[in-house]
Structure formats: C-alpha cells, structure tokens
Ligand SMILES: *Cc1c(COP(=O)(O)O)cnc(C)c1O
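Structure, rendered in structure tokens:
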C-alpha cells in the first residue's frame, strides 16, 4: 500500500493533489509514544481537518497506532468524529455559549471548561440529557489565551467539585497549554510548569481526582519530559513536522512529513527575454526562456506571499515562483531546461526525492510549517496511502 502515486509520469491524476501517507502518520505516533515518560498516553490533535490532512482518515490511523485520545478545537469537529463512528476518549476545547453542549454530552465528548459560565452550561446540558457530563478544567498558567486565570481557579474548582458531588459532571481532566515551548529555554517555561503544578494542587485539595492531567503540545512533548504528566497533546508532530527549527528537524525525532503537495504542469512555452510574468509583471524574463504553469494558487492555500520566493521542484531542480501567485495558478521559469505539459511539479513533501518541505515554504514566506499544511484548501483532493497497516507493522 505504500505506492507512491506521485510517479512523475505525465498526464496522470488530478492537476493538483495532496498525497497523505498514513503509514508515516502511524510511524510518527509510535515514534512520539516511545518518547513519553512515566506511562503518559498520547492525544492526536486532529483539529482543522487534521492540519489539512483530512480528519477522519488521520484520526483512524492515529488510533490504530495507539493514540489513546483524540483532540479537537471545535464541537463540530468532535461531533463529526462521533458521527463517523469514533468512540474513544475525545476532548474538545473551544466552546462558546452556543455549544452545542447537550449534543456533546450525549456523544460522550470531554468538554473543556475555562470559566463558571461554561461549567454552568455543562451542568445544564447534563441535567437535560439525563447523563453525567465529562468535564476537563482548563487553567491559564501563562499563555493568556483560554483557561481560567489563577484568581478564578479555586472558585471554578470548588464549583466543579460541587457539581461532581451532585452527579452532574465528572471532572475527567485538569489541563493547561504552553506559550513558548517551541523556543527551548524560554523564560516563560519554568513559571508555567510551576503554575500548572499549583493548579493541580488546588484541584486535588478540593477533592478532584482527574483521570488525566496534561500540559504538553508537540514542542513540550519533544523537549520537556517533565511536562508529560498523564497525557500529551501532539498535533503538528503527528503530521511529521517539527514545531520549530529551534526544537529540531523532523529527522531528529524520527518523524516523517505526511503530506506531499504536487501538481501537473498545465502549460509549457518558450517566451522571449523581457517578457512580463503574471499579474503586475513583478517578474520579467531575463532572456529567452521556458515558462511552466503550475495549477495551484492561493485558493488552494499556496500563500500569495510566496510570489517571487516559493520553492518548487520541476524538471529535477528547485525553481522559484516567478511573479505573483494568482488564485488558481502560478508560473515558474525553467531557464534553459525543458519540461512537458503534464510533468510533475512538487511543492512540498518529506524532502527525500529532492523536493522542498513545508518547512522550506514556511521559511520562504515567513510563517510556520503548521500554516503551510493547514491552509491547503478543500479544492485539493487528498489521496490516502497505507490506510491499512502493512504485514510488518507493529500492532497496537
Ligand atoms: C493545537 C493545539 C495542540 C497541538 O499543538 P501542536 O504544537 O500542533 O502539537 C495542543 N493543545 C491545544 C490546546 C491546541 O490548541
């Protein structure tokens, strides 16, 4: 099943495609699990359509490789997993008053609670559904995003304990999120670790006995074993990308990028020197040359900021986007080289066929690898490989 559908043969397949290597995803989950200390479990974060890779196939592959938990941002994502038949532990953390709280409680989704208003809605949903809501309390230990601040924490914990004693909720988790784990040695890290330990102490003193205490995202998982606790929440590393260059390369951690984005050239033509290329004529051919047209644009998630700088493997060499990225297409200048219509252009992949990586794109356009893969739009078909574990693959 490890067929490489990106064969380089002209004319085959869709004009633009994202090949998703599920065997690599499973191997990444196993590689991450091997790093966990103290018997911590792994949550595969599959929000945002699994960072652009396709939520359902990736969730299934992650479970196959021993991801005990799945995590989503939005309730709609979590409910879609349940609708597709996933029944395992599942945490959803980005709530607003509209929920839907009751649907989540009925679907046995762990709901994250960062304030009294959310606890009250979880309790009301549990009563309406005639069930116990699974609630995870989130502390803000310094990120300054979601989570209850330290001043509100004791009251939230006490209210949650009271709701637990009343049978409305079960507090299954206590958790927080790191701000700067992708910058190893950042001065915010030790205070965040201490604040989390303190939040846990307050919760335990109030009588809470959570199943899982968790803090680490991918960079925390890779660089801070003391942050592993009972569970780590890994997203980008499951998809084979490193959280940052400072943390390391994917290979440093035995990770392999899961997505390859490639296209078939839609036009190849000779043009004279001095020819303007694409909107605004921000590129002009320096001499007679061959231009190749790549059918991928910002509607597909190719950043418009890649105009004049995005790297693409065409005809055996890295080329640079010539002129502006348009909505559906961009041009590369092949110089003295030639290519045929239908030949393959690889925007990014694992890198071992000489193609750029998502990290190369991130560097070229001034963003992070996370954004490069997550932006790839719904117009791009995801083509899955290795959905069933091979005969030699470990069983989890
Ligand atoms: C997205 C997210 C993660 C995963 O982060 P990675 O750096 O991709 O591993 C973990 N926890 C929360 C709360 C998140 O929002």
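Numbering (the UniProt record's numbering), first residue to last: 1 to 396.
All C-beta atoms in this analysis are idealised placements derived from N, C-alpha and C, irrespective of residue type, glycine included.
Setting aside the 5 residues that flank it on each side, residue 214 is surrounded in the same chain by 173, 175, 229, 230, 231, 232 and 233, each with a C-beta closer than 7 Å to its C-beta; the list follows chain order. Here the distance from the Cβ of residue 73 to the nearest heavy atom of ligand 1 is below 7 Å. Under the DSSP definition of a beta bridge, residue 111 partners with 92 and 135.
Judged by DSSP in its simplified three-state form, residue 262 adopts strand. Taking a contact as a CB-CB distance under 8 Å, the pair residue 110 and residue 90 counts as one, their CB atoms being some 6 Å apart.
Its Cα nearest to that of residue 220, the residue 32 stands out among 275, 32 and 202.
For residue 223, no beta strand (DSSP E) encloses it; the enclosing alpha helix (DSSP H) starts and ends at 218-223. Within a 10 Å sphere around the beta-carbon of residue 390 sit fewer than 16 other beta-carbons, which makes this residue exposed. Residue environment for residue 279: exposed (fewer than 16 other C-beta atoms within 10 angstroms of its C-beta). With a contact defined as Cβ atoms closer than 8 Å, residue 42 and residue 67 qualify at about 5 Å.
If you check the C-beta of residue 35 against ligand 1, you find no heavy atom less than 7 Å away. With respect to the 8 Å criterion, residue 301 and residue 361 are not classified as neighbours on the basis of their beta carbons. The closest heavy atom of ligand 1 lies less than 7 Å from the beta carbon of residue 93. With contacts defined as CB atoms closer than 8 Å, residue 281 and residue 308 fail to qualify as a contacting pair. Sorting 78, 167 and 247 by C-alpha distance to the C-alpha of residue 127 places 167 at the top.
Rounded to whole angstroms, the gap between the alpha carbons of residue 240 and residue 387 is 17 Å.
Residue 209 carries a coil assignment under DSSP once its states are collapsed to helix, strand and coil. No residue range can be given for residue 183, since it is assigned to no alpha helix (DSSP H) and is classified by DSSP as neither H nor E.
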